[in-house]
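Right, one structure below, let's go through it.
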Amino acid sequence: MKPTIKAFVFDVYGTLFDVHSVKDACDEAFPGKGEDISRVWRTKQLEYFFWRHIMGRYENFDVVTRDALRYALAVHDVNSNKTMEERLIETYAHLNPYDEVESVLQKLTDHQTVVLSNGTDEMLTTLIQNARFTSYFDDIVSIDRIKQAKPSPASYMHWFKSSGLRRDEVLFLSSNGWDIAGAKNFGFHAAWINRNHLPFEQFDVEPDAVYDDLSGILEWVSPSSDKI
């Protein structure tokens, strides 16, 4: 029997939205190299964000996304300019949501639904507005407000401290294994959205559930739950 969940808390990049939907724009700009550029871009985006946090040189997700793009372009030895870079950066405001996302969100209206992301307020608000998902969320929370990147405990506490909930009343959703490990370490229930069918990270916590996509989380929905 599943525990009673009162809040569903969502990661954004890779969980609600496909970060590799930028590959089409990359391929249009640099034919034949779009997918490779996209993958290096995402890898370096995360690496730069975490490296800066560890070094005590925090920069927001918009800054590191731009730096990571420049690295990806340099790796693939393509000629670019500021106009082209801005055009590619703009794709992050129009990432494609995964096919099942809206139908799942529509079924969570009796529960609290929250976005908790490393993205900046502007990045998140714009992306979610462009997808017409704003009405599905009770709150959109950026860790940029406290300069503490997920998976640090402070990043999860940033939303949780004012939630009025117990930690075991929260289900955290992410496609990123490191984010699931962070949420479990903090004390949330956590469901890993394993879209790429990968083994879980070799860490001393495990997700409560693993699903191919977000549709699986509906088994956590309790008809008697109310928003608080």
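So in the working numbering, spot 201 of the sequence shown is number 423, and the numbers just go up one at a time. In this text, a Cβ means the ideal position worked out from N, Cα and C, and glycines have one as well.
From the listed residues A229, T265, Y280, the smallest Cα separation to L395 is found for A229. Listed in chain order, the non-local C-beta contacts of A353 below 7 Å within the same chain comprise P319, local neighbours out to five positions each way being set aside. Your pair V231 and V392 checks out as a contact, with CB atoms roughly 6 Å apart and the cut at 8 Å. Three or more Cβ pairs drawn from the segment 399–410 and the segment 418–427 lie within less than 8 Å of each other, which places the two stretches in contact.
Residue environment for N398: buried (at least 16 other C-beta atoms within 10 angstroms of its C-beta). Counting along the chain, F272 sits inside the alpha helix (DSSP H) bounded by residues 256–277. Beyond the five residues adjoining it in sequence on each side, I362 comes within less than 7 Å, by CB distance, of V337, L346, T347, I350 in the same chain, given in chain order.
By the Cβ criterion, the segment 257–272 is not in contact with the segment 427–435, since fewer than three pairs of Cβ atoms, one from each stretch, lie closer than 8 Å. H275 is positioned such that its CB atom lies no closer than 7 Å to that of S260. By the Cβ-count criterion, H419 is exposed, with fewer than 16 other Cβ atoms from all chains shown falling within 10 Å of its own Cβ. According to the DSSP assignment, I402 belongs to the alpha helix (DSSP H) that extends over 399–408. Around L291, the same chain offers W263, E307, L310, I311 as residues with beta carbons nearer than 7 Å, after the five sequence neighbours per side are excluded. For Q328, the enclosing alpha helix (DSSP H) covers residues 323–328.
Taking A294 as the centre and dropping the five residues before and after it, the same chain places the C-beta of I259, V262, W263 closer than 6 Å to its C-beta, in chain order. In the same chain as D360, and ignoring 5 residues on each side of it, the C-beta atoms closer than 8 Å to its own belong to Q334, T335, V336, K449, in chain order.
Of the residues L330, A412, A251, the one whose Cα lies closest to the Cα of V300 is A251.
Counting every other CB atom within 10 Å of its CB across the protein chains shown gives A413 a total of 16 or more, marking it as buried. In terms of CA proximity to T342, F283 leads the group A296, D240, F283. Distances from the alpha-carbon of N340 to those of I227, S357, D233 put D233 closest. Of all alpha-carbon atoms in E324, Y280, F408, the one lying nearest the alpha-carbon of S374 is that of F408. The criterion of a C-beta distance shorter than 7 Å is not satisfied by E322 and S444. With respect to T331, A247 sits apart: the two C-beta atoms are not nearer than 7 Å.
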